[in-house]
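Numbering (the working numbering), first residue to last: 424 to 690. Backbone N, C-alpha and C define an ideal beta-carbon position, used for all residues, glycine too.
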Amino acid sequence: MVNSAVEFIKNKIGNFKPEIGIILGSGLGELADEYCKIAIPYSEIPGFETSTISGHKSRLVFAEINGKNVVMMQGRFHFYEGHPIQKVVFPVKVMKKLGVETLIVTNAAGGVNPEFKPADLMIITDHINHMGVNPLIGTNDDSMGMRFPDMSEVYTKKYVELAENIGKKLGLNLQKGVYIAFTGPSYETPAEVRMARILGADAVGMSTVPEAVTASWAGMKVIGLSCICNSAAGVSPVGLSHADVIKAAGEAKDKFKMLVKEIIKEL
């Protein structure tokens, strides 16, 4: 099915060869709108699902940004939507087959670290998979990656440093930290957030880890960026809502776009 999707997309994009892939999280899809050259609805691509989440447009966008050919997922698939985990990461495998070498994966997250504030941006340095499932379960595709891949450096260290230096140059106060993924769709309880903090997490969300694991397995370089859209339960003095996530992502979108565009330029 991966090859069928790749062939379909190649017929749509012609000689365009993406080298950088971006997965755009909740409220962050404006970058794709701004640079869109070719857009393909997920509903047309063999093997792709359609996102059911507000703020996700469900299309694959091809664009040139700062001289680099980029493919962007304007809307991702989540495990909590009921998709098998292999479907969640299917687009990452397609990106790899299209020639993508570096994946920038973004998300909206809750701040576990009490020093984080809504609309902060965090560079992901590592992750904790608390989803209870691994996207590499099943028959291994030896042409793409090995059966037992090393996960010592999922998020490429030199690119973590690159993003940090770019943030300083742009005058952005970037956070760095560990992202923990739960399945969702319910937000975490205060007790679960305390557990996450004890385990060493700085931010919590419901995505990113499956895509990052798959990209690393497939030999891609990975950059992870979280938009801290609220303080997690027990850290926040008020209840949590998706509307607040979208609002905070909107407040952070300009500095997020600035950061991503400069990262692309420097890759």
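- Between Ala638 and Ile551, the gap from beta carbon to beta carbon reaches 7 angstroms or more.
- The stretch 443 to 495 is shown to contain whole beta strand (DSSP E) runs of 3 or more residues at 443 to 447, 461 to 464 and 482 to 488, in chain order.
- With contacts defined as CB atoms closer than 7 angstroms, Val577 and Ile603 fail to qualify as a contacting pair.
- Every unbroken stretch of the beta strand (DSSP E) spanning 3 or more residues and falling wholly within the stretch 588 to 667 is given here in chain order: 598 to 604, 626 to 628 and 644 to 654.
- Shown here, Leu521 sits in a helix according to DSSP, grouped into three states.
- For Leu526, the closest C-alpha among the options Glu442, Ala666 and Lys678 is that of Glu442.
- Between Ala532 and Ser649, the C-beta gap is smaller than 7 angstroms, which places the two residues in contact.
- Around the beta-carbon of Pro464, fewer than 16 other beta-carbon atoms lie within 10 Å, marking it exposed.
- Going by C-alpha positions, Met545 is about 21 angstroms away from His501.
- Relative to the Cα of Gly498, the nearest Cα in the group Glu538, Leu451, Glu430 and Ile686 belongs to Leu451.
- Residue nearest to Thr548 within the set Val517, Gly522 and Leu585 is Leu585 (criterion: CA-CA distance).
- Judged by DSSP in its simplified three-state form, Ala586 adopts helix.
- In this structure, the beta-carbon distance from Lys678 to Leu454 does not fall below 7 angstroms.
- Fully enclosed beta strand (DSSP E) runs of no fewer than 3 residues occupy 543 to 552 of the stretch 526 to 590, in order along the chain.
- Of the residues Lys516, Val583 and Asn557, the one whose Cα lies closest to the Cα of Met424 is Lys516.
- Spanning the alpha carbons of Ala675 and Ser654 requires a straight line of approximately 15 angstroms.
- A check of alpha carbon separations from Val528 across Thr606, Gly590, Gly534 and Met518 identifies Met518 as the nearest.
- Per DSSP, the continuous alpha helix (DSSP H) segment holding Val429 begins and ends at Val425 to Ile436.
- Between the alpha carbons of Trp640 and Gly568 lies a distance of about 5 angstroms.
- Between Met618 and Tyr503, the gap from beta carbon to beta carbon reaches 7 angstroms or more.
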